[in-house]
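S.K.:
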Amino acid sequence: MNTRTARPRLRRLPLNIAAAVTVVVCLFPVYWMIATAFKPSKDIQSSDPRLFPHTWTLDHFERAVDADGFALFWRNSILVTLGAVLLALLVALGAAFAVARMRWKGRRQFMLMVFIAQMAPWESLIIPVYIISRDTDMLDRLPTLTLIYFMITLPFTIVVLRGFIGTIPPELEEAAQVDGCTRTGAFWRVAMPLLAPGLMATSLFGFITAWNEFAYANFLIIKQQDNRTLPVWLSSFQNTFGTDWGATMAASTLFALPALVIFLLLQRHVTSGFAAGAVKG
Amino acid sequence: MPVVDRRTPAPRTPRQRPAPRRAVRKAPPRRQGSGRAHGLWPYALIAPSIGGMLCLLGYPLVRAVLISFQDFRLRQLISGEADFVGLRNYRTLLADPRFWEVVGRTFLFMAINVVLIMVIATLVALMVERLRRVGRTVVLCSLVLAWAMPVVAATTVFQWLFHSEFGIVNWALTSLGLGSFERYPWFADGTAAFAILVTLIVWQSVPFAAITLYSALTTVPLELYESARLDGAGAGRIFRSVTFPMLRPIFLLVFSLEVIWTFKAFVQIWVMTRGGPGDATTILPVYAVQTALSSQRYDLGSAASMITVVLMSGVLVLHFRQMFRQEDETR
Chain U
1 MNTRTARPRL RRLPLNIAAA VTVVVCLFPV YWMIATAFKP SKDIQSSDPR LFPHTWTLDH
61 FERAVDADGF ALFWRNSILV TLGAVLLALL VALGAAFAVA RMRWKGRRQF MLMVFIAQMA
121 PWESLIIPVY IISRDTDMLD RLPTLTLIYF MITLPFTIVV LRGFIGTIPP ELEEAAQVDG
181 CTRTGAFWRV AMPLLAPGLM ATSLFGFITA WNEFAYANFL IIKQQDNRTL PVWLSSFQNT
241 FGTDWGATMA ASTLFALPAL VIFLLLQRHV TSGFAAGAVK G
Chain W
1 MPVVDRRTPA PRTPRQRPAP RRAVRKAPPR RQGSGRAHGL WPYALIAPSI GGMLCLLGYP
61 LVRAVLISFQ DFRLRQLISG EADFVGLRNY RTLLADPRFW EVVGRTFLFM AINVVLIMVI
121 ATLVALMVER LRRVGRTVVL CSLVLAWAMP VVAATTVFQW LFHSEFGIVN WALTSLGLGS
181 FERYPWFADG TAAFAILVTL IVWQSVPFAA ITLYSALTTV PLELYESARL DGAGAGRIFR
241 SVTFPMLRPI FLLVFSLEVI WTFKAFVQIW VMTRGGPGDA TTILPVYAVQ TALSSQRYDL
301 GSAASMITVV LMSGVLVLHF RQMFRQEDET R
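Residue numbers (the UniProt record's numbering), protein chains in the order written: chain U, 1 to 281; chain W, 1 to 331.
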């Protein structure tokens, strides 16, 4: 009896150890960031780092929030990100509706274009975008970033919204139309409420992509330091905090928090794989 | 994205079928639209997207190609006029041994990353499938958290983990008796910096690959495993003959995505090492930006970017073929 229950447990031991190792490896950097942010400075700069902080302090967060420009960069990030996501949502909604519900010549070609745009080599376009924005006097301005982020998130938004609209039976809208709704009215009153969760999830993923973007924010905002965004500010933490790792980790925590929370909230979507290709980092 | 949560393979639907008349619309093809004449509406709806793609993606790409054929330095940037010099920039690049070193390093970086990501992600996915419910939820949650970590934040944290004086990694290695790691300056040594970047990128990429592969694994019918087991196949044999063939399309998709995303490592490299020490972590996109923005050779930088795009497009073609095969199956 005893051996019979013990044996499967023993046989599952390597599996459970592997699972534990995976969890630790995944979570340790995240944990260490948060733990360092809460530790008093003397514990951070000690030759014997403690895995679990004994005393907790909010000093580092205070220093990070009070640091030069934190509020300003936070506002910039929010403005740019929200602008890009809303614009992408609006534009993508029309395109997704056309692709999912209407038949027209060139539909397949359009989707091919969207898929190609989704894989666009943005890392290789930094130079021409820099030169173009310089020529058109768009350098150092937030709307430039908004437009770029809009374009980065647009293809994914179209692809996902097309999928969501496809799952709503057109018969529902047709019924509304029979009852006297216009086509647009039917879409807004019948399809939109059903679409809301999908729109929410899609825009949150777009939000994260734009929130995290670094390369363009770094190279397009050069002279006007007031227009920088959070990722660029964080990457230059050594200028702001010197060797103050507590404040740096507090700033990282504050920056990472929205993304971590959104991912956990959307966990169901994330693990179903619908975000494939959407969010990288 | 429909690519991943695909349904069971359905026979291909013929794309051009006669539009059903309104009266007999009892069984319209799924998601094919109502077949009514829509006139110009769909084109009006996609016009903003097309406009955006042309202005914000097409134009920069064309401009990059043009600049790569021009003599374009700081003077031309200010005056706004540049002369065409044909293939001179490409010739200069291809004759530069440093450029070839960078190309070689890019492929090495890509190969190490992709192999590590694919192997680890497959193992994690297989492991998650075998776990019980609670364990599975815990592992999936931690994968999601690692995935959610913003690139710049993760890069900063890794700099702190590998800090020479107070970093936890050096502390752990020293405590394990490896005294030589006391105050070991990780970012001063080329190979060490390269290894840290690989670790960082693998750490960030495995969650996505593992979760995608896991969700594909759950679509494999259990009967297949049972019958294979009845036939006496071992775990390795089952993976080779059942799991892998069933998941081949998803494997290929994840593989090509990971290859393409290697070039996105630009951000991690730029934040952490800027390509240094020396040239040890300079891969193609980093090289292009360095050449263009640091030494003001916009022409050479653009040429390097275009070579990068050509190299990538090979993988892209593979990716799109796979993608459209899936599209046809799911729609």
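Positions of the beta carbon are idealized from the N, C-alpha and C atoms, including for glycine.
By DSSP, does Q45/U sit in helix, in strand, or in coil?
M.R.: coil
S.K.: For R228/U, which residues in chain W fall below 8 Å Cβ to Cβ?
M.R.: Correct list: empty, because the minimum Cβ distance to chain W is about 12 Å.
S.K.: Let me make sure I understand the geometry here. Which of P14/U, F61/U, I262/U, F205/U has the alpha-carbon closest to that of I34/U?
M.R.: F61/U
S.K.: Excluding the 5 residues preceding and the 5 following A216/W in the sequence, name in chain order all residues of the same chain whose CB lies nearer than 6 Å to its CB.
M.R.: L247, I250
S.K.: Cβ closer than 8 Å: which chain U residues qualify as neighbours of W160/W?
M.R.: W32, M33, T36, W245, T248, M249
S.K.: Under 8 Å: do the region 63 to 71 of chain U and the region 240 to 255 of chain U share three or more Cβ pairs, one atom per stretch?
M.R.: yes
S.K.: Just list the residues that DSSP pairs Q70/W with in beta bridges.
M.R.: F84/W
S.K.: Please confirm whether G278/W and Q290/W have their CB atoms less than 9 Å apart.
M.R.: no
S.K.: Give a yes or no on whether the minimum CB-CB distance between R63/W and chain U is below 9 Å.
M.R.: yes
S.K.: Compute the Euclidean distance between the alpha carbons of G206/U and L140/W, then round it to the nearest angstrom.
M.R.: 22 Å
S.K.: Any Cβ of chain U within less than 9 Å of the Cβ of G135/W?
M.R.: yes
S.K.: Could you name each continuous beta strand (DSSP E) segment of 3 residues or more that falls completely within the region 49 to 83 of chain U, going from the start of the chain to the end?
M.R.: none
S.K.: How is K223/U classed by DSSP in three states: helix, strand or coil?
M.R.: DSSP places K223/U in coil when its eight states are reduced to three.
S.K.: Determine whether the Cβ of I208/U lies closer than 9 Å to any Cβ atom of chain W.
M.R.: yes
S.K.: Where does the unbroken alpha helix (DSSP H) through Y184/W begin, and where does it stop?
M.R.: Segment: none, Y184/W is in no alpha helix (DSSP H) and carries neither H nor E.
S.K.: So A186/U and A176/U are supposed to be a Cβ contact under 8 Å. How far apart are they, rounded?
M.R.: Contact flag correct, Cβ pair sits at about 4 Å.
S.K.: Would you kindly work out how many angstroms separate the C-alpha atoms of L300/W and A288/W, rounded to a whole number?
M.R.: 8 Å
S.K.: What's the call for E213/U, buried or exposed, on a 16-neighbour Cβ count within 10 Å?
M.R.: buried
S.K.: Label G246/U either buried or exposed according to how many other C-beta atoms from any shown protein chain fall within 10 Å of its C-beta, with 16 as the threshold for buried.
M.R.: When all chains shown are included, G246/U counts as buried.
S.K.: Give every residue of the same chain whose Cβ lies closer than 7 Å to the Cβ of Y214/W, excluding the five residues on either side of it in the sequence, and list them in chain order.
M.R.: Same-chain partners within the cutoff: A125, V128, E129.
S.K.: Skipping 5 residues on each side, what residues in its chain have a beta carbon closer than 6 Å to that of W233/U?
M.R.: Cβ within range, chain order: F73.
S.K.: In three-state terms, what does DSSP make of A280/W?
M.R.: coil
S.K.: If you count every other CB in all the chains shown that lies within 10 Å of the CB of S79/W, and 16 or more means buried, which is it?
M.R.: Burial state of S79/W is exposed, judged by a 10 Å Cβ sphere holding fewer than 16 other Cβ atoms.
S.K.: Under three-state DSSP, which class holds P29/U?
M.R.: It is helical.
S.K.: Going by CA-CA distance only, name the one from G163/U, D179/U, A210/U, Q267/U that's closest to I78/U.
M.R.: A210/U
S.K.: Taking the continuous alpha helix (DSSP H) assigned at M200/U, which residues delimit it?
M.R.: 192 to 212
S.K.: Out of L222/W, V65/W, T137/W, F162/W, state which residue places its alpha-carbon closest to the alpha-carbon of V23/U.
M.R.: T137/W
S.K.: Let me know the secondary structure DSSP gives T229/U once reduced to three states.
M.R.: T229/U: coil per DSSP, three-state reduction.
S.K.: Starting from the Cα of T146/U, find the closest Cα among L13/U, V85/U, P49/U and give me that residue.
M.R.: V85/U
S.K.: Quick one: does T282/W have its CB under 9 Å from some CB of chain U?
M.R.: Interface criterion not met: the Cβ of T282/W is under 9 Å from no Cβ in chain U.
S.K.: So which residues of chain C does Y184/W contact, with C-beta pairs closer than 9 Å?
M.R.: Protein chains in the displayed structure are U and W, and chain C is not among them.
S.K.: Using 10 angstroms around the beta-carbon of residue 339/W, count the other beta-carbons present and answer buried if the total reaches 16, otherwise exposed.
M.R.: With chain W covering only 1 through 331, there is no way to say anything about residue 339/W.
S.K.: For A82/W, which of M312/W, L61/W, R73/W, A304/W has the nearest alpha-carbon?
M.R.: R73/W
S.K.: Skipping 5 residues on each side, what residues in its chain have a beta carbon closer than 7 Å to that of W186/W?
M.R.: F162, S164, A192, A193, I196
S.K.: Does Q159/W come out as helix, strand or coil in the three-state DSSP assignment?
M.R.: helix
S.K.: Using the rule of at least 16 other Cβ atoms within 10 Å of the residue's Cβ for burial, across every protein chain shown, is L89/U buried or exposed?
M.R.: buried
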